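Participant:
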Amino acid sequence: MPMKFLLSAAILLTTALLLSGCGDSQDQGNPGSEVANLKVYRHAMDQAPTSLDPVQAANVYANFIVLNAFDTLFSYKYLARPYELKTNLAAAWPEISADGLTYTIRIKQGVHYVDDPAFSGGRGRELVAEDFIYSLKRHFDPASRPQGAWLWSGRIVGLDEWKQAGSDYSAEIAGLRTLDDYTIQIKLIKPYPQLLFTLAMGYSAVVPREAVEHYGREFAIHPVGTGPFRLTSYDTSKVILERNPNFRQEPVDIEFEGYDPQRHGFSGVAAIDGLSPPLVDRLEINFIAEASARWSSFTKGDEVQYASIPNEQVDQVLASKRPVTLKPEYAEKYHFAAGIEAGFVFQTFNMDFPEFGYNEDPQRERRNKALRCAINKAYAWEQRNESFYIGLGKVFPGIIVPVAPEFDTNLSTESITRDLAGAKKLLADHGWTPENLPPLVYGTNSSVTARLMFEQFRAWMKELGYPTEKIILKRFATFGDISKAWKESRLPFVSKGWGLDFPDAENTLQLFYGPNGSPGSNDANYRNPEYDRLYELASTMLSSPQRTEIYHRMNRLLIDDCVSITGLARTRIYLWHKDVIAIPDREIVGGFFLRYVDIADTEQPAITGSVFR
Amino acid sequence: MEILQYSIRKLFSGIPLILGVTLISFVLMVYFGPDKTYELLGKNPTPEEIAEVRSQLGYDQPFVVRYVDYLRELATLDFGNSDSTGERVDALLARTIPVSLALTAPGFVLGNALGILLALFAAYYRSTWVDKTIMASAVIGMSISFLIVIIAFQIIFASSYGLGWFPVRGWSIGSIGDYFSYVAVPTMATVFVALGYNTRFYRSVLVEEMTRDHVRTAKAFGVPPSKLFYKNILKNSLIPIITRIVFSIPLVIISGSLLIESYFGIPGVGKITYDAIISGDQPVLKAVVGLTAILFVLAQLLTDIMYRAVDPRITLK
Numbered sequence: 000m001p002m003k004f005l006l007s008a009a010i011l012l013t014t015a016l017l018l019s020g021c022g023d024s025q026d027q028g029n030p031g032s033e034v035a036n037l038k039v040y041r042h043a044m045d046q047a048p049t050s051l052d053p054v055q056a057a058n059v060y061a062n063f064i065v066l067n068a069f070d071t072l073f074s075y076k077y078l079a080r081p082y083e084l085k086t087n088l089a090a091a092w093p094e095i096s097a098d099g100l101t102y103t104i105r106i107k108q109g110v111h112y113v114d115d116p117a118f119s120g121g122r123g124r125e126l127v128a129e130d131f132i133y134s135l136k137r138h139f140d141p142a143s144r145p146q147g148a149w150l151w152s153g154r155i156v157g158l159d160e161w162k163q164a165g166s167d168y169s170a171e172i173a174g175l176r177t178l179d180d181y182t183i184q185i186k187l188i189k190p191y192p193q194l195l196f197t198l199a200m201g202y203s204a205v206v207p208r209e210a211v212e213h214y215g216r217e218f219a220i221h222p223v224g225t226g227p228f229r230l231t232s233y234d235t236s237k238v239i240l241e242r243n244p245n246f247r248q249e250p251v252d253i254e255f256e257g258y259d260p261q262r263h264g265f266s267g268v269a270a271i272d273g274l275s276p277p278l279v280d281r282l283e284i285n286f287i288a289e290a291s292a293r294w295s296s297f298t299k300g301d302e303v304q305y306a307s308i309p310n311e312q313v314d315q316v317l318a319s320k321r322p323v324t325l326k327p328e329y330a331e332k333y334h335f336a337a338g339i340e341a342g343f344v345f346q347t348f349n350m351d352f353p354e355f356g357y358n359e360d361p362q363r364e365r366r367n368k369a370l371r372c373a374i375n376k377a378y379a380w381e382q383r384n385e386s387f388y389i390g391l392g393k394v395f396p397g398i399i400v401p402v403a404p405e406f407d408t409n410l411s412t413e414s415i416t417r418d419l420a421g422a423k424k425l426l427a428d429h430g431w432t433p434e435n436l437p438p439l440v441y442g443t444n445s446s447v448t449a450r451l452m453f454e455q456f457r458a459w460m461k462e463l464g465y466p467t468e469k470i471i472l473k474r475f476a477t478f479g480d481i482s483k484a485w486k487e488s489r490l491p492f493v494s495k496g497w498g499l500d501f502p503d504a505e506n507t508l509q510l511f512y513g514p515n516g517s518p519g520s521n522d523a524n525y526r527n528p529e530y531d532r533l534y535e536l537a538s539t540m541l542s543s544p545q546r547t548e549i550y551h552r553m554n555r556l557l558i559d560d561c562v563s564i565t566g567l568a569r570t571r572i573y574l575w576h577k578d579v580i581a582i583p584d585r586e587i588v589g590g591f592f593l594r595y596v597d598i599a600d601t602e603q604p605a606i607t608g609s610v611f612r
Numbered sequence: 000m001e002i003l004q005y006s007i008r009k010l011f012s013g014i015p016l017i018l019g020v021t022l023i024s025f026v027l028m029v030y031f032g033p034d035k036t037y038e039l040l041g042k043n044p045t046p047e048e049i050a051e052v053r054s055q056l057g058y059d060q061p062f063v064v065r066y067v068d069y070l071r072e073l074a075t076l077d078f079g080n081s082d083s084t085g086e087r088v089d090a091l092l093a094r095t096i097p098v099s100l101a102l103t104a105p106g107f108v109l110g111n112a113l114g115i116l117l118a119l120f121a122a123y124y125r126s127t128w129v130d131k132t133i134m135a136s137a138v139i140g141m142s143i144s145f146l147i148v149i150i151a152f153q154i155i156f157a158s159s160y161g162l163g164w165f166p167v168r169g170w171s172i173g174s175i176g177d178y179f180s181y182v183a184v185p186t187m188a189t190v191f192v193a194l195g196y197n198t199r200f201y202r203s204v205l206v207e208e209m210t211r212d213h214v215r216t217a218k219a220f221g222v223p224p225s226k227l228f229y230k231n232i233l234k235n236s237l238i239p240i241i242t243r244i245v246f247s248i249p250l251v252i253i254s255g256s257l258l259i260e261s262y263f264g265i266p267g268v269g270k271i272t273y274d275a276i277i278s279g280d281q282p283v284l285k286a287v288v289g290l291t292a293i294l295f296v297l298a299q300l301l302t303d304i305m306y307r308a309v310d311p312r313i314t315l316k
């Protein structure tokens with residue numbers, strides 16, 4: 000009898016658990032379900048964000064959701080390239096004092112948060128200027144586990160002191176205050192030309208204090224904002240957002256957004272002119288790390304509507320690479336866009352290692368420079384491009400990326416052109432022999448691709464005359480581990496990628512600014528007084544030909560010092576179904592375009608087209 | 000009453016096992032696991048910010064203090080919040096375990112049931128072409144990488160390049176039909192691989208039982224094959240079969256299936272666990288490891304009780 004009872008109980012428990020696993024119906028977008036008639040856009044990304052709290056919106060994956068659930072004061076025009084800022088929550092462009100130190104920003108009235116139990120009576124209240132102050136203060140409150148303080152630290156009067164005094168939210172900050180419910184005043188310690196860019200980043204999205212306090216740490220999975228969408232579910236496989244019914248009515252002016260019939264006409268985006276975003280009822284962002292699964296789901300037809308082409312499918316899908324065109328069977332079904340990423344991949348020497356960088360002995364330091372330059376000359380960027388980036392990456396000299404407005408088109412390509420004979424001569428001229436070359440520890444992650452990249456690098460170094468056993472691989476299991484090694488300055492040679500936070504070369508030039516040395520962003524620990532002087536000079540200048548010239552000089556200093564082997568900007572190719580009216584973009588802006596995505600009622604004419612940035 | 004007393008004794012005797020498992024796993028987490036600090040920092044961190052994060056993660060506490068905290072969390076089943084998502088760990092597991100169970104249960108049941116059935120055939124037709132065919136198929140199933148099976152089945156049964164009968168991925172269940180639709184391909188892939196291991200194991204158990212004297216005697220008395228297999232062979236082979244099945248249950252419940260969940264976009268506990276391992280999300284890992292240890296103790300208890308049920312000679316002492 001007890002056995003039968005136990006067995007029955009076990010079966011009942013298992014059945015109940017199974018039913019609870021099935022009953023969590025999060026997605027009724029499939030045909031035949033109650034929302035089958037709604038406009039649904041299903042996006043795909045290769046990773047999931049870990050947090051939806053703006054203070055932790057550190058990557059593009061988080062920004063895709065944060066920028067749609069919350070609002071920022073400024074955002075980017077949908078289609079204009081190079082990227083152009085526009086007002087978002089801000090009612091107008093800020094009033095900036097003559098000395099460039101005081102920004103007065105008026106925000107829109109009548110903007111309401113989505114309804115949520117965090118609010119009194121469950122009704123979303125109006126967003127006020129104080130919310131922005133609170134949101135920025137959170138970056139200086141360790142309890143929020145913030146990641147964006149570096150954008151404003153040392154920039155705003157009293158903000159760092161506020162943190163040092165214990166992050167008391169009731170305490171006022173002289174440089175960050177409200178003049179009334181709809182006016183914000185920011186006082187800077189010194190001019191900060193990139194300030195408005197930072198106010199378009201997910202980090203600066205405005206949150207309501209009562210929701211943060213209501214959900215505590217779980218605010219990271221319960222975003223409560225004023226954005227065009229509101230979150231309905233979030234797990235490791237996808238996030239579902241629904242139209243925010245209270246989102247302000249702001250009809251799209253497609254010309255203002257940068258529409259160009261030549262570049263964008265194929266997509267049908269002209270049809271959204273005059274409509275008020277968001278244009279779909281439901282937004283699903285699927286997190287699919289496996290390229291094959293992502294591609295299968297995309298080509299299925301009734302699942303995800305957007306995907307990038309997996310490397311292994313490139314030859315199957317593309318008719319040509321230069322220019323990028325699709326084979327007819329794909330062009331018939333999908334729109335596509337191809338463009339260079341707003342970022343790059345590169346390698347740097349860690350100058351704190353006396354074997355390669357700075358050395359107390361001036362003669363050795365000169366020899367080290369020759370060694371770095373020889374390694375740079377032996378590096379075959381085009382070969383790397385062909386091997387790992389399907390030959391579509393853009394190899395460029397220096398660290399000002401092609402997407403940046405300050406990109407130097409006249410810069411010599413000598414630093415990215417392989418010159419093995421020159422490299423060998425450089426070594427010989429400076430007394431380097433296979434016997435006295437220092438061991439080079441190459442740190443990278445544990446992926447197969449990373450291993451192959453290392454082997455390719457080692458083969459190039461072997462051609463240079465570097466003994467194979469002296470090129471040593473050090474693998475790190477996780478990004479956290481390799482990041483720790485960078486920040487603790489434990490690797491002499493660093494391979495990494497960087498995505499622009501905003502369209503200004505300052506964002507990459509700061510990677511080599513001396514005071515940003517480890518554990519800061521300057522993993523190279525490059526300390527060149529002239530470079531630092533120029534950086535500081537440019538850091539307070541508004542965009543101008545003079546500032547661009549300073550940027551170019553800094554770029555050349557880096558190239559001359561052979562501190563970095565750079566660089567390559569990857570080309571992204573996106574495909575989307577033809578019933579989707581959109582120009583997708585995951586660079587810088589992260590996910591601003593999603594509010595403009597529409598779904599055609601009937602299939603669009605099969606026009607083939609592409610967008611090139 | 001006998002079962003209750005035995006259960007209480009057994010649960011107490013399981014405490015050293017739980018302490019051992021948690022201690023070893025916690026040593027691995029603390030000294031060999033990923034450092035979460037640098038995933039939680041901004042792009043340009045200061046030493047002060049690094050210290051703040053380490054303090055929040057408890058990395059600045061002595062090992063003993065952290066381990067005692069772990070035991071307290073396990074005793075109260077309060078593991079706090081995930082260091083990655085901020086979600087409460089109990090809510091996270093309550094959300095994902097049922098999904099994993101719903102996903103893996105059909106494959107688990109079918110894999111074992113079909114494994115036993117095929118093993119019976121193979122054992123009955125031992126050394127004939129039937130046996131050899133089944134065993135060869137089992138070896139093939141065992142030899143192919145699970146990853147390859149998943150990708151192949153996804154393409155064959157779900158993608159537009161294949162039959163396209165089922166969704167490529169997702170877990171959007173509004174009806175029992177949806178459930179079968181989403182679980183079909185993962186189940187087929189699971190069964191394909193599990194069947195090889197199960198069939199070989201069960202066949203060896205059954206063959207061993209078939210050589211026993213009582214089976215030979217029953218055969219000599221002319222017991223029909225079906226009755227012989229059910230009553231004299233299968234029933235007497237239940238001890239190792241129960242052991243294998245019951246001890247698999249904790250892994251089915253807690254671990255889910257990482258590959259299946261990743262490739263089919265199913266929000267189960269397997270993916271959560273994998274993410275926690277590679278990112279060093281200790282609150283989640285502590286919960287998964289601790290609960291798995293507890294489940295193994297319970298599985299051991301359940302196994303003993305079931306032994307008693309299938310073999311009256313066994314006493315619970």
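Residue numbers (numbering that gives the first Met the number 0), protein chains in the order written: chain A, 0 to 612; chain B, 0 to 316.
For glycine and all other residues, C-beta sits at the position ideal for the given N, C-alpha and C.
Source: prediction; values computed, not measured.
1) Closer than 7 Å between beta carbons: that is the criterion. Which residues of the region 281-306 of chain A meet it against chain B?
2) In three-state terms, what does DSSP make of residue 483 (chain A)?
3) Taking any Cβ of chain B, which residues in the region 235-259 of chain A have a Cβ under 8 Å from it, in chain order?
4) So, residue 56 (chain A) versus residue 204 (chain A), is the Cβ gap smaller than 9 Å?
5) Per the DSSP calculation, residue 567 (chain A) is bridged to which residue(s)?
6) Just to confirm my understanding: we take residue 259 (chain B), look at its own chain, exclude 5 residues before and 5 after, and list those with CB closer than 6 Å. What are they?
7) Is there a Cβ from chain B that is less than 9 Å from the Cβ of residue 23 (chain A)?
8) Jot down the residue ranges of each uninterrupted alpha helix (DSSP H) in the region 364-435 of chain A, minimum 4 residues, whole runs only, in chain order.
9) How far does the beta strand (DSSP E) with residue 86 (chain A) in it extend, from its first residue to its last?
10) Can you have a look at residue 446 (chain A) and say buried or exposed, based on whether 16 or more other CB atoms are within 10 angstroms of its CB?
11) Between the C-alpha atoms of residue 548 (chain A) and residue 307 (chain A), what's the straight-line distance to the nearest angstrom?
12) Using a Cβ cut-off of 9 Å, pull out every chain A residue sitting near residue 87 (chain B), in sequence order please.
13) Report the three-state DSSP secondary structure of residue 92 (chain A) (helix, strand or coil).
14) State the start and end residues of the unbroken alpha helix (DSSP H) segment that holds residue 263 (chain A).
15) Does the region 76-94 of chain A touch the region 586-594 of chain A, meaning 3 or more C-beta pairs lie closer than 8 Å?
16) Among the residues of its own chain, which have a CB less than 6 Å from the CB of residue 5 (chain A), if the five just before and after it don't count?
17) Please return the same chain residues whose Cβ sits closer than 7 Å to the Cβ of residue 603 (chain A), not counting the five positions on each side in sequence.
18) Pair every Cβ in the region 12-20 of chain B with every Cβ in the region 50-61 of chain B, then say whether three or more of these pairs are closer than 8 Å.
19) Can you pull out the residues from the region 476-489 of chain A whose beta carbon lies closer than 7 Å to at least one beta carbon of chain B?
20) So for residue 103 (chain A), helix, strand or coil by DSSP?
21) In this structure, how does DSSP classify residue 179 (chain A) when only helix, strand and coil are distinguished?
22) Which runs of the alpha helix (DSSP H), 4 residues or longer, sit entirely within the region 63-145 of chain B?
23) Cβ atoms of residue 191 (chain A) and residue 146 (chain A): under 9 Å apart, would you say?
24) In the region 32-43 of chain B, which residues sit with their C-beta less than 8 Å from some C-beta in chain A, listed in chain order?
25) Name, going along the chain, the residues of the region 124-150 of chain A whose beta-carbon falls closer than 7 Å to a beta-carbon of chain B.
26) Taking all protein chains shown into account, do 16 or more other C-beta atoms lie within 10 angstroms of the C-beta of residue 378 (chain A), making it buried, or fewer, making it exposed?
27) Nearest to residue 7 (chain B) by alpha carbon, out of B:308, B:297 and B:313?
28) Are the region 325-345 of chain A and the region 477-486 of chain A touching, with three or more C-beta to C-beta distances below 8 Å?
29) Using a beta-carbon distance below 9 Å, is residue 7 (chain B) in contact with chain A?
30) Would you mind stating whether residue 451 (chain A) and residue 473 (chain A) have Cβ atoms separated by less than 9 Å?
31) When the cut-off is 9 Å and only beta carbons count, does residue 311 (chain B) lie next to chain A?
32) Can you tell me which of A:398, A:194, A:284 and A:182 puts its alpha carbon nearest to the alpha carbon of residue 42 (chain A)?
33) Given this structure, state the Cα-to-Cα distance separating residue 356 (chain A) from residue 173 (chain A), to the nearest angstrom.
34) Along chain B, which residues have their Cβ under 8 Å away from the Cβ of residue 57 (chain A)?
Facilitator: Result, derived from the coordinates:
1) Correct list: 285, 287, 288, 289, 291, 292, 295, 296, 298, 299, 300 and 302.
2) Annotated three-state conformation of residue 483 (chain A) is helix, per DSSP.
3) Near chain B, meaning a CB-to-CB distance below 8 Å, the residues of the region 235-259 of chain A are 235, 236 and 237.
4) Yes, the pair counts as a contact, with Cβ atoms nearer than the cut-off.
5) The partner list for residue 567 (chain A) (beta bridge, DSSP) reads A:344 and A:394.
6) 185.
7) For residue 23 (chain A), the predicted structure reports a pLDDT of 45, less than 50, and the residue's modelled location is therefore unreliable. The matter cannot be settled from this model.
8) Qualifying alpha helix (DSSP H) stretches, in chain order: 380-387 and 419-428.
9) Judged by DSSP secondary structure, residue 86 (chain A) falls within the beta strand (DSSP E) whose first and last residues are 84-86.
10) Flag for residue 446 (chain A) reads exposed.
11) Going by the C-alpha atoms only, they are around 36 Å apart.
12) Chain order gives the chain A residues near residue 87 (chain B) as 216 and 217, where near means a beta carbon separation below 9 Å.
13) Residue 92 (chain A) falls in the coil class under three-state DSSP.
14) Here the alpha helix (DSSP H) through residue 263 (chain A) covers 260-263.
15) Three or more Cβ pairs drawn from the region 586-594 of chain A and the region 76-94 of chain A lie within less than 8 Å of each other, which places the two stretches in contact.
16) Any reading at residue 5 (chain A) needs caution, since the residue's pLDDT is 49, under 50, leaving its predicted position unreliable; the model's value is listed next. Taken in chain order, the list of residues that qualify is empty.
17) Unreliable positioning characterises residue 603 (chain A) in this predicted model, as indicated by a pLDDT of 46, which lies under 50. The coordinate reading is nonetheless provided below. Closer than 7 Å at Cβ, skipping near neighbours: 267, 577 and 578.
18) Taking 8 Å as the limit for Cβ pairs, the verdict is that the region 50-61 of chain B does not touch the region 12-20 of chain B.
19) Correct list: 476, 477, 478, 479, 480, 482, 483 and 486.
20) Residue state for residue 103 (chain A) is assigned as strand, using DSSP reduced to three classes.
21) Here residue 179 (chain A) sits in strand by DSSP.
22) Segments of the alpha helix (DSSP H) lying fully in the region 63-145 of chain B: 88-123 and 128-142.
23) A distance of 9 Å or more separates the beta carbons of residue 146 (chain A) and residue 191 (chain A).
24) Residues passing the 8 Å Cβ filter: 33, 34, 35, 36, 37, 38, 39, 40, 41, 42 and 43.
25) Listed by position, the residues of the region 124-150 of chain A near chain B (Cβ gap below 7 Å) are 141, 144, 146, 147, 148 and 149.
26) Taking all protein chains in view, the Cβ of residue 378 (chain A) is crowded by 16 or more other Cβ atoms within 10 Å, so the residue is classified as buried.
27) Its Cα nearest to that of residue 7 (chain B), the residue B:297 stands out among B:308, B:297 and B:313.
28) They do not touch, by the three-pair rule.
29) For residue 7 (chain B), the answer is no, since every Cβ of chain A falls outside 9 Å of its Cβ.
30) For the pair residue 451 (chain A) and residue 473 (chain A), the CB atoms are not nearer than the 9 Å cut-off.
31) Under the Cβ distance rule, residue 311 (chain B) does not count among the residues neighbouring chain A, no pair being separated by less than 9 Å.
32) Comparing Cα positions, the closest option is A:284.
33) Here the alpha carbons of residue 173 (chain A) and residue 356 (chain A) stand approximately 43 Å from one another.
34) Near residue 57 (chain A) (Cβ distances below 8 Å), the residues of chain B are 41 and 42.
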